[in-house]
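In what follows, a structure is listed as structure tokens, so that the remarks can point back to it.
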Amino acid sequence: MKLSDFKYNLPKTSIAKYPVSPRDKSKLLVIHKETGEMEDKKFTDVIDYMEKGDVLVVNETRVFQARLFGKKEKTQAKIEVFLLRELNKDDCIWDVIVDPARKVRIGNKIYFDNNLWCEVIDNTTSRGRTVRFNQPGNVFQAVEKIGLTPLPPYIKRDPEPKDKENYQTVYAKVDGAVAAPTAGLHFTTKLLEKIEKKGIHIVPVILHIGLGTFRPVEVEDLTKHKMDSEYYEISAHTADVVNKAMHNKHNIVVVGTSACRALETSTTADGFLKQGRGWTDKFIYPPYVFKVTQKLITNFHAPESTLLMLTSALGETENVMKAYKKALKEKYRFLSYGDAMMIV
1 MKLSDFKYNL PKTSIAKYPV SPRDKSKLLV IHKETGEMED KKFTDVIDYM
51 EKGDVLVVNE TRVFQARLFG KKEKTQAKIE VFLLRELNKD DCIWDVIVDP
101 ARKVRIGNKI YFDNNLWCEV IDNTTSRGRT VRFNQPGNVF QAVEKIGLTP
151 LPPYIKRDPE PKDKENYQTV YAKVDGAVAA PTAGLHFTTK LLEKIEKKGI
201 HIVPVILHIG LGTFRPVEVE DLTKHKMDSE YYEISAHTAD VVNKAMHNKH
251 NIVVVGTSAC RALETSTTAD GFLKQGRGWT DKFIYPPYVF KVTQKLITNF
301 HAPESTLLML TSALGETENV MKAYKKALKE KYRFLSYGDA MMIV
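The sequence shown begins at 1 in the numbering used here and counts up by one.
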């Protein structure tokens with residue numbers, strides 16, 4: 001497969017700037033991967049494509065308020081600091097991106113509200129820096145009060161207070177993501193309870209989504225693309241529930257490409273899910289043989305994105321690209337705050 005195989009024209013008018021309310025009232029396009037048949041549904045209809053004994057896998061990562069605005073000591077120059085990942089919790093050391101980068105050098109201190117400040121201790125890339133915060137303990141709690149929601153770059157507006165809730169799944173638990181696992185944004189607590197009452201097991205994984213999810217693929221030959229590493233965790237309980245379900249011929253229904261990558265990273269050669277944690281740079285694109293994922297709930301992704309490639313690996317590229325054409329024609333809403341697709 002080549003990069004150009006995943007090219008399509010996405011009009012700006014198709015990119016959702018706000019989610020629907022309530023969140024489970026979005027549209028759902030169902031693709032049957034074996035036949036290519038498509039169905040127009042509502043998101044609440046996902047329950048009809050799951051049976052008693054199936055497993056629904058969700059990503060419990062939580063988006064934190066990663067965008068900070070501070071002032072450089074002495075000059076008072078305004079600096080944006082975008083938190084990427086925590087490197088050392090005890091020493092409060094983080095990877096960040098700064099803007100404007102030319103004003104930020106090693107040794108500089110940047111001051112924020114609530115007595116929070118950081119010192120630059122290293123350069124990583126042209127805009128990347130390593131910083132040490134002054135508040136020992138939980139930096140996530142400190143930035144939660146003063147940071148802004150890190151909306152995706154293609155949502156061309158400033159974050160609003162409502163985004164703090166909207167750009168978060170109802171089951172988010174563990175701080176660490178700078179982008180939401182957007183397929184999960186459609187679920188309500190009520191819908192999840194209905195799914196459980198049907199006898200479907202809901203189990204969590206964690207994959208902290210980084211900014212790399214928005215990074216364009218810049219090589220035509222996909223074998224040469226390198227994914228950013230992202231931290232993931234799979235518990236012994238999740239592995240046990242998934243393995244038992246697979247043994248008993250039940251479906252594993254995965255919510256989102258991030259959960260899918262976590263599962264496929266932690267699977268043995270003979271197809272069993274194992275407990276584990278670590279960093280994954282797994283890049284899934286056609287052709288790929290999925291070891292755990294059988295059905296996928298996902299959103300409509302940007303052209304030539306790694307997310308579209310993973311979706312195409314499961315749903316067959318021709319089917320998925322036809323579905324995107326139909327979705328555009330029928331005014332489905334695209335990207336993070338948009339509508340959903342389910343591959344069955």
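Backbone N, C-alpha and C define an ideal beta-carbon position, used for all residues, glycine too.
When Cβ pairs closer than 8 angstroms are counted between the two stretches, the region 215-224 is seen not to touch the region 62-81, the count staying below three. Looking at the DSSP output, Asp122 sits in a beta bridge with Thr130. Shown here for Ile31: same chain residues with a beta carbon closer than 6 angstroms to its own, the five before and five after excluded, namely Met38, Gly315, Asn319, Ala323, Ile343 in chain order. Assignment of beta strand (DSSP E) within the region 293-340, counting only whole runs of 3 or more residues, yields 295-299 in chain order.
The beta carbons of Leu87 and Val143 sit no closer together than 8 angstroms. Within the same chain, Ile106, Arg129 come within 7 angstroms of Asn123 by CB-CB distance, once the 5 residues on both sides are set aside. Per DSSP, the continuous beta strand (DSSP E) segment holding Glu233 begins and ends at 230-234. With distances taken between CA atoms, Val203 lies nearest to Ala259 out of Ala259, Gly212, Tyr111, Val178. Excluding the 5 residues flanking it on each side, Lys27 has same chain C-beta neighbours closer than 6 angstroms at Tyr332, Asp339, in chain order. Lys33 and Gly276 have their C-alpha atoms some 30 angstroms from each other. DSSP places His225 in the coil class of the three-state scheme, outside both helix and strand. For Asn166, the enclosing alpha helix (DSSP H) starts and ends at 163-166. Looking from the CA of Ile146, the closest CA among Gly210, Lys164, Leu335, Arg132 belongs to Lys164.
Across the set Glu330, Thr317, Thr311, Tyr18, the C-alpha of Tyr18 shows the shortest separation from the C-alpha of Lys156. In the three-state scheme derived from DSSP, where H, G and I count as helix and E and B as strand, Ala77 is classed as coil. In this structure, Gly278 is the residue among Gly278, Asp99, Val255, His237 with its C-alpha nearest to the C-alpha of Tyr231.
DSSP places Phe140 in the helix class (H, G or I) of the three-state scheme. Straight-line spacing of the CA atoms in Pro161 and Glu330 works out to 31 angstroms.
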